[in-house]
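Residue numbers (the working numbering): 354 to 985.
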């Protein structure tokens, strides 16, 4: 009878009208009510009664509402009919009534309820206001505290982050701000360890069944579960950082956020949610640099400054965030002279960066102005720098961006042509020395050619910098190679970066053990090859690049640190506030055969001939690529 009832609800949920449905309170039948006013009244009544009843169809109803919320998050119908109060009460019941939570399929309910709240509060401030007034903050806080599992924490912090991002509802969470910040910081730092310990590192047959179902939308499979678990771990961290970013933007509790170890940890939290608006660790650092407290705290940590500098010369999306952070620190008189000692050595390579930042300002010019704003005081000894290298870097920037530019503006066109010709001859001599094995002499020739080559001859200078970088690589001088390749990439087009420089910088980063930076450059190098060549043979990943990717992917595996620090035990630790007991209860519990979490478009694509063919091609490509790596 139970299976028949579930199948009947499924038929109704797919809007296949079933005249034999005997449930007078069937939500899906209500959705098909032709009279709009009667339909709305029935939906409102369903939202009022749902938390009070023990119907087995609750999970199916919530998964159907989830689909609607995900595809139509701005539709005001459900928010106006009491969905937030309903979801809040369902979460509250799941937390307080353990017996009910573990009955039938109720374990899925808090996850879906929190996800629905987050979806409807994502874009509309008025919906977030309704949610707050309906009392969803306290139930979400309970999930955030880990009263069930990390899966529910993920959707709870997502919903709270959306509520915090609206001006009119930010005040509603201030009373919980200290605890919320502490929990978000703890999740950001330890979520990878938690997901590995509670899921990925667990023997496949011992994994929590409802976690598997939620991750794979009921389709199952170890590889699919592992991939989705990695995605969810990243999302859990990024949504934690998004919530922290909301508080940092408002300059709330900065003394909590600006703890030394947490600021160091932020530098390791690369990436967002596939969107440029997702802050990631460097996004939070950039927000903190907009406040005096944040700037002072960051400026006192040399490791953080070095990390920002390294990222400023990377191919990652965080590059601009790191540059913005450094510029904010350089413009503040209280932090400038602590930061410039380190930053000048890195930013000197970016002064000819010709891309625009978010403020529509040329990045290279902004960096030049920030570094040289008091250069005359440094030059004439009014300001003393600790490092001679820093003074030399600033002098080089002054010579390149001011003195040399002035000289080239007043010389004749004929003289510029002669210098260009001499630079080309020196380059040719350098190439001959290089291929003859005289690498140091080749580097000297390239240096002389760069000194002569006019600034406007960008293509020639790109090649000279890149060639000299190759020489530095062979001389085992990765720092100089990174500097030269970065300068070549700044001179090249942002849409079509110089591919050889990307590959050479990837090698240089590899020499220094900087796996993330090396991987980003290598991926950019491969993407550039695919865009510039049409032949299928050329599109194949070169064996040397495949080996580099394989090496760096292993080195940067998301859970490498978690695996090394956490040996998963066969017996579940009982000391984690009831979470492990919950997971043990659920391990033997049978999950739903199919969970209606997959979107309609995704289901249709996966079932279509085109979708099957695309998956077959992807599998074949992965197999070929792995074989290619092994052969190389």
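Glycine included, each C-beta is placed from N, C-alpha and C at the ideal position.
- Within the region 777-864, the runs of alpha helix (DSSP H) at least 4 residues long that lie entirely inside it are, in chain order, 792-805, 811-827, 831-844 and 852-864.
- In this structure, DSSP gives residue 715 an extended state, which the three-state scheme calls strand.
- Taking C-beta atoms under 8 Å as the contact rule, residue 683 and residue 723 qualify, at a distance of about 4 Å.
- DSSP, reduced to helix, strand and coil, places residue 709 within a strand of the structure shown.
- Segment contact: the region 425-442 against the region 386-403, three or more CB-CB distances shorter than 8 Å; contact assigned.
- In this structure residue 611 is in contact with residue 641, their Cβ atoms being roughly 7 Å apart against a cut-off of 8 Å.
- A direct Cα-Cα distance of roughly 6 Å separates residue 439 from residue 404.
- In this structure the region 661-676 touches the region 860-871; the number of beta carbon pairs closer than 8 Å is three or more.
- Under the 8 Å Cβ criterion, the region 549-565 counts as touching the region 907-915, having at least three qualifying pairs.
- In terms of Cα proximity to residue 844, the closest of 383, 705, 428 and 710 is 705.
- Within the same chain, 783, 786, 787 and 824 come within 6 Å of residue 795 by CB-CB distance, once the 5 residues on both sides are set aside.
- Rounded to whole angstroms, residue 756 and residue 720 show a C-alpha spacing of 17 Å.
- Residue 803 places its beta carbon 8 Å or farther from that of residue 811.
- Beta-carbon to beta-carbon, residue 643 and residue 681 are separated by about 7 Å, close enough to satisfy the 8 Å threshold.
- Taking 8 Å as the upper bound for CB-CB distance, residue 736 and residue 747 are not in contact here, some 11 Å apart.
- Within 10 angstroms of the beta-carbon of residue 483 lie 16 or more other beta-carbons, which makes it buried.
- With respect to residue 702, residue 833 sits apart: the two C-beta atoms are not nearer than 8 Å.
- Ranked by Cα distance from residue 754, the first of 601, 653, 718 and 874 is 718.
- Residue range 520-523 is occupied by the alpha helix (DSSP H) that includes residue 523.
- Within a 10 Å sphere around the beta-carbon of residue 742 sit fewer than 16 other beta-carbons, which makes this residue exposed.
- In this structure, 415 is the residue among 829, 415 and 386 with its C-alpha nearest to the C-alpha of residue 441.
- The C-beta of residue 819 has 16 or more other C-beta atoms within 10 Å across all chains shown, which makes the residue buried.
- In the displayed model, residue 434 falls within coil according to three-state DSSP, outside both helix and strand.
- Judged by beta-carbon spacing, residue 671 lies within the 8 Å limit of residue 633, meaning their Cβ atoms are closer than that value.
- By the C-beta criterion, the region 450-462 is judged not to be in contact with the region 479-497, since fewer than 3 inter-stretch pairs fall below 8 Å.
- Burial is judged here by how many other beta carbons sit within 10 angstroms of a residue's own beta carbon; residue 588 has at least 16 and is buried.
- A distance below 6 Å between beta-carbons, with the five flanking residues on each side excluded, links residue 744 to the following residues of its chain, in chain order: 738.
- One alpha carbon belongs to residue 874, the other to residue 905, and they sit about 11 Å apart.
- Going by beta carbons, residue 658 and residue 695 fall inside the 8 Å limit.
- Here residue 758 is exposed. Its C-beta has fewer than 16 other C-beta atoms within 10 Å.
- The C-beta of residue 854 has 16 or more other C-beta atoms within 10 Å across all chains shown, which makes the residue buried.
- Contact between the region 569-577 and the region 534-544 is not established, with fewer than three Cβ pairs separated by less than 8 Å.
- For the pair of segments examined, the region 409-424 was found to touch the region 458-468: the number of CB pairs separated by less than 8 Å reaches three.
- Secondary structure of residue 591 (DSSP, three-state): helix.
- Its chain contains 430 and 434 as the residues whose beta carbon lies nearer than 8 Å to that of residue 393, once the 5 sequence neighbours on both sides are disregarded; these appear in chain order.
- Judged by DSSP in its simplified three-state form, residue 739 adopts coil rather than helix or strand.
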